[in-house]
Amino acid sequence: MTISPNANTTIFPRDGDVPHDCRIEPLHQRTILIDGDLEEWAGPVRAVHAAVSLADEQGHLHPYELGSVPDGGTSEAFRALQAAEAAYDNGRGRWPSMLPSERIACVEDFAQRLLEKRGEIVKLIMWEIGKTLADSEKEFDRTIVYIRDTVQALKKLENRSATFEVVDGTIGHIRRVPLGVTLCLGPYNYPLNETFTTLIPALIMGNVVLLKPPTLGVLLYSHMLEAFSKAFPPGVVSTLYGQGATVITPLMQSGRVNVLAFIGSSNVADQLKKAHPKSNRLRAVLGLDAKNAAIVLADADIDHAIKECVSGALSFNGQRCTAIKMILVHRSISDEFVQRLSVAVSQLKRGMPWVPGVVITPLPDSGKCEYLSSCLDDAIDNGAKVMNTGGGVVEGTLFNPAVVYPVAEGMKLYREEQFGPIVPVAPFDDIEGALDYVVTSDFGQQVSIFGREPGQIGQLVDALANQVCRINLNSQCQRGPDSFPFAGRKDSAEGTLSVHDALRAFSIRSMVSAKENQGSTQLIQSIVASNTSRFLRTTFTF
Ligand code: G3H
């Protein structure tokens, strides 16, 4: 059932209802960053709308125009690429040649400038993608911590490299070095944090970056352009604004991109990789689709499982790649589980993202409510039911969360990543049935297991460890802590992105070697002593 955006509805605020601290003025960005210059943009622009609509006096909803951004074209994209190539200069540019300690200083300077913009950035995350104020703040703060942790991880990595190895009469000095021009594209659900989990390691390892902010969650980047231009040498970070087909595909087709860092759909990743004419030269670091399942065993603590599943499936309206997107429940407890789950979901607070305690908020993606409704219709047509009162009711851009049961093979919700507030539940009769769901999935990011019996859980762990990259025992799926490996199999990811692993993903080992004889050791010792090489050195980074 849809409540039309023009009907009387109370959940969306009137202009005057928005709390003073949360109000926002439209932001019309008219600059792009290329080669260290903040260029005036006089070309076409794209309007940016908030996830939150405003109601007029009659209660009719109106999309709120949050601002606009440059709608750049292919020529700016290639100018940015040229600037990046000049800054990299085949690995001999100022940035890739800097000592890690010098790059760390630039990144720390940038983080300091970013911190000064915390308030504006948090507010833009909240308005543009509808993330709760608390979660928007968490996203910002987690990103700052990620930057600091990355700096520490680089120091460790560097200091472990400040040495020589001798194996079978060969001396080796091994370090990690950058890969070159890196294209960074982040997702809308974590427009700051996930983008930065590739941007920061790419930069700090000495790569040069072409940064395309997400289509939704784009305006917050306008507060960073100056910080980028002041903290980094020209060309090290340039921005790309515009449609992917206009700016990204031609760059990939040019064959001049060395690293593709992309968080988004596996279909788009596939197309971008295939567009590159020299696939062997391209390093891809990808965070893609997932359909993480929760397996609730017959002896699970139902209260606890429900608490974790509700949070795991519906935090930020289910718009997390790590969200639980399918719950498989042992048939002996499935009716009770679904009934209690439905009550818990119905009790979630809905409303505007600044309201304390709110969980369900408006969705940013136009057309998303229609897609989710079509998933519900399809499930209902094929024999499932919406189990909770009000589940699936659409109010403007807000989709009331729906528990759907019993979901089965053949329904869209069984296999598709809904990436929204729908909780599909399916019963299973024996462990093999639950395992089969994971084995036959196109995705392989994480699972959650809820239960108590060590023998059964141990068996499941062994079978699932070769299917997914993280098995959560009696807890929801999640990425953090960021020092743990974040990865996926099948169509879920390429590469691993813990703080430490990301430094590896955006670099390659290079080494100096020589025969272990007097001439070599003398030569190496005098290079090190005279400080004539930035690569061949034993200095520590503190
Ligand atoms: O959307 C994917 C995010 O990396 C998930 O992170 O589990 O901390 O929400 P999270």
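Position one of the sequence shown corresponds to residue 763 (the numbering used here), numbered consecutively onward.
Beta carbons: idealized from backbone N, C-alpha and C, even for Gly.
- Around the beta carbon of F1304, fewer than 16 other beta carbons sit within 10 angstroms, so the residue counts as exposed.
- Judged by DSSP secondary structure, A1055 falls within the beta strand (DSSP E) whose first and last residues are 1054 to 1058.
- Taking C-beta atoms as the reference points, A839 and L1002 count as a pair closer than 8 angstroms.
- Burial of V1169 is indicated by the presence of at least 16 other C-beta atoms within 10 angstroms of its C-beta.
- In the displayed model, N1293 falls within coil according to three-state DSSP, outside both helix and strand.
- For E956, the distance from the CB to the nearest heavy atom of ligand 1 is below 7 angstroms.
- Taking the Cα positions, M1088 is about 14 angstroms away from D1204.
- Contact check between the stretch 1115 to 1132 and the stretch 802 to 816: three or more CB pairs, one atom from each, fall below 8 angstroms, which counts as touching.
- Inter-residue distance for I887 and R792 is about 19 angstroms (C-alpha atoms, whole angstroms).
- No heavy atom of ligand 1 is found nearer than 7 angstroms to the CB of Y908.
- With a cut-off of 7 angstroms, the C-beta of T1084 is classified as near ligand 1, since at least one heavy atom of the ligand falls inside that distance.
- Ranked by Cα distance from P975, the first of G1004, K1130, S1275, N1020 is G1004.
- Looking at the DSSP output, V1274 bridges to H935.
- Residue nearest to S1016 within the set F926, Q844, F774 is Q844 (criterion: CA-CA distance).
- For I866, same chain residues with a beta-carbon under 8 angstroms away, outside a window of 5 residues either side, are V913, L916, K917, I966, T1303 in chain order.
- Placement of the Cβ of Y952 at a distance of less than 7 angstroms from at least one heavy atom of ligand 1 is found.
- C1231 and D871 have their alpha carbons spaced roughly 35 angstroms apart.
- E802: member of the beta strand (DSSP E) spanning 799 to 802, first to last residue.
- N1228 is classed as exposed because its beta carbon has fewer than 16 other beta carbons within 10 Å across all chains shown.
- Judged by the Cβ position, G1242 qualifies as a neighbour of ligand 1 at the 7 angstroms threshold, a heavy atom of the ligand being closer than this.
- Spatial neighbours of E899 in its own chain (CB-CB distance under 6 angstroms, excluding positions within 5 residues in sequence) are listed in chain order as V884.
- Three or more pairs of CB atoms, one per stretch, sit closer than 8 angstroms, so the stretch 1042 to 1051 contacts the stretch 1008 to 1024.
- Annotation for Q1208: no alpha helix (DSSP H) segment contains it, though the beta strand (DSSP E) segment containing it runs 1208 to 1212.
- Of the residues D799, F902, E927, L795, the one whose Cα lies closest to the Cα of V1274 is E927.
- Between V1166 and A1196, the CB-CB gap reaches or exceeds 8 angstroms.
- Going by C-alpha positions, C1083 is about 46 angstroms away from T932.
- When Cβ pairs closer than 8 angstroms are counted between the two stretches, the stretch 1180 to 1196 is seen not to touch the stretch 1112 to 1120, the count staying below three.
- Nearest neighbour of Y1199 by Cα position, chosen from R1214, P940, L1175, S1260, turns out to be L1175.
- Listed as beta-bridge partners of L816 by DSSP are H824.
- Within the stretch 971 to 1052, the runs of beta strand (DSSP E) at least 3 residues long that lie entirely inside it are, in chain order, 999 to 1001, 1021 to 1025, 1045 to 1049.
- Contact between the stretch 992 to 999 and the stretch 846 to 854 is present: 3 or more CB-CB pairs across the two stretches fall below 8 angstroms.
- Within a 10 Å sphere around the beta-carbon of V929 sit fewer than 16 other beta-carbons, which makes this residue exposed.
- Contact check for L1259 against T944 fails: the beta carbons are separated by 8 angstroms or more.
- Membership of R904 in the alpha helix (DSSP H) is indicated by the continuous run 895 to 923.
- Contact between I1010 and A1056 does not hold, since their C-beta atoms are separated by about 35 angstroms, which reaches or exceeds 8 angstroms.
- Taken through DSSP and simplified to helix, strand or coil, R785 comes out as coil.
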